[in-house]
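Report on the following structure.
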Amino acid sequence: MKCPFTEDTLGQKLETRTGLSVHCLTCKRTAMLDVAELVRRLGPDHSCMPYALVKVFYCRECRAAGREDRDLQFTNHAVWEEKQYWVRETRIASG
Ligand SMILES: [Zn+2]
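The sequence shown runs 4 to 98 under our numbering.
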């Protein structure tokens, strides 16, 4: 039986407006991914599960240095929460 909740696609991720970040375990760099850009490049039906994304991504820095470049960790983020946080910080800054 097919369960619709076991695997999400990039298209679904874009619709729910959640964010995705990638962390390189080799050099400890973290970058936010542009989900809209991924949908354009890979298509909305592409899986956004880590095992599928790791085939598409590699760490540029580690590849250039000849290190392991696909030891990556993907983390989901609720984007709206981050935006609320950012607005709050901005209000504090503007006084
Ligand atoms: Zn790296």
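For glycine and all other residues, C-beta sits at the position ideal for the given N, C-alpha and C.
Determine the DSSP secondary structure at residue 98, reduced to helix, strand or coil.
Model confidence at residue 98 stands at a pLDDT of 40, short of 50, so the residue's coordinates are unreliable; what they give is reported in the following sentence. The answer is coil: DSSP assigns residue 98 none of H, G, I, E or B.
7 Å Cβ shell around residue 13 - same chain, five flanking residues per side excluded
38, 41, 42, 45, 47, 49 and 51
Rounded separation between residue 19 and residue 54 - CA only
Taking the straight line from one Cα to the other gives about 21 Å.
Taking the C-alpha atoms as reference points, what is the distance between residue 15 and residue 72?
27 Å
If you run the structure through DSSP and keep just helix, strand and coil, what is residue 11?
coil
Nearest-angstrom Cα separation, counted from residue 57 out to residue 69
18 Å
Grouping DSSP H, G and I as helix and E and B as strand, with all else coil, what is residue 17?
The answer is helix: DSSP assigns residue 17 an H, G or I state.
Same chain, Cβ closer than 8 Å to residue 22, five either side skipped, listed in chain order:
35, 36, 38, 79, 80, 81, 82 and 85
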